[in-house]
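Going by UniProt numbering, the residue at position 55 of the sequence shown is 55; the numbering climbs one at a time, nothing skipped. Everything on this sheet refers to the single structure shown next.
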Amino acid sequence: MVKIRLKLEHNTGIGSQKLIIFFHRLSLPRREKMGIPILLFSVILLLSSPVALCGCYKRIFSFGDSIIDTGNFAYTTGNSSTPVKEPPYGMTYFHHPTGRVSDGRVLVDFYAQAFNLPLVPPSIPEQNSGQFPTGANFAYLGATALPPDYYKVKYNFEMGGSSNLGMQLDSFKTVLARIAPGPGVHTVN
């Protein structure tokens with residue numbers, strides 16, 4: 001089981017910035033995956049929540065795998081052909097491929113719309129310079145919760161994939177230091 005605590009505090013002098021941080025389902029051993037009933041319950045709870053109506057959130061930062069990747073994987077493939085860059089991906093909602101591993105929106109898109117926020121952009125294209133005024137999506141197709149060496153040591157299995165939760169959190173910490181600099185920002189591992 002992976003336990004992660006992340007505490008964020010930032011006071012701008014005008015008021016505190018509020019961030020939504022999602023740790024959504026990552027590729028875990030089968031016995032540890034989030035069940036569909038829990039997922040549906042959380043979506044229903046979110047959509048019926050008064051918090052969704054208050055408009056008090058300005059940014060969403062999301063972490064995960066293909067179920068919420070909004071284009072990081074597609075961006076890293078450059079000009080290479082990959083299925084997520086071609087129909088039918090994106091055809092249902094956007095009417096063109098978007099880099100999402102879906103024919104329409106992914107889960108984090110529904111959260112953003114429920115909070116009346118713009119859709120969350122992928123982080124990789126702007127990771128070195130972006131200010132991310134509406135948040136960023138660090139999710140990556142095939143990401144795992146645990147680092148590849150865990151699978152090698154525990155199961156003698158070479159885990160493919162080029163992203164894991166630790167890497168996503170490291171990228172987030174870099175972005176956070178840029179968009180909210182100062183002593184008021186603390187991260188706890």
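The C-beta atom is built at its ideal place from N, Cα and C for all residues, glycine as well.
- Between the alpha carbons of residue 114 and residue 108 lies a gap of roughly 10 Å.
- Just measuring C-alpha positions, the residue of 136, 122, 158 sitting nearest residue 144 is 158.
- Under the Cβ criterion (8 Å, minimum of three pairs), the segment 99–108 counts as touching the segment 64–73.
- Within its own chain, the residues whose Cβ lies closer than 8 Å to the Cβ of residue 85, once the five positions on either side in sequence are excluded, are 74, 77, 97, 99, listed in chain order.
- Apart from the 5 residues on each side of it in sequence, residue 141 sits with its Cβ closer than 7 Å to the Cβ of 65, 66, 69, 73, 101 in its chain, given in chain order.
- In the structure shown, the three-state DSSP call for residue 74 is helix.
- Assignment of residue 62 by DSSP, reduced to helix, strand and coil, places it in the strand class.
- Classified as buried, residue 57 has 16 or more neighbouring CB atoms from the shown chains inside 10 Å of its CB.
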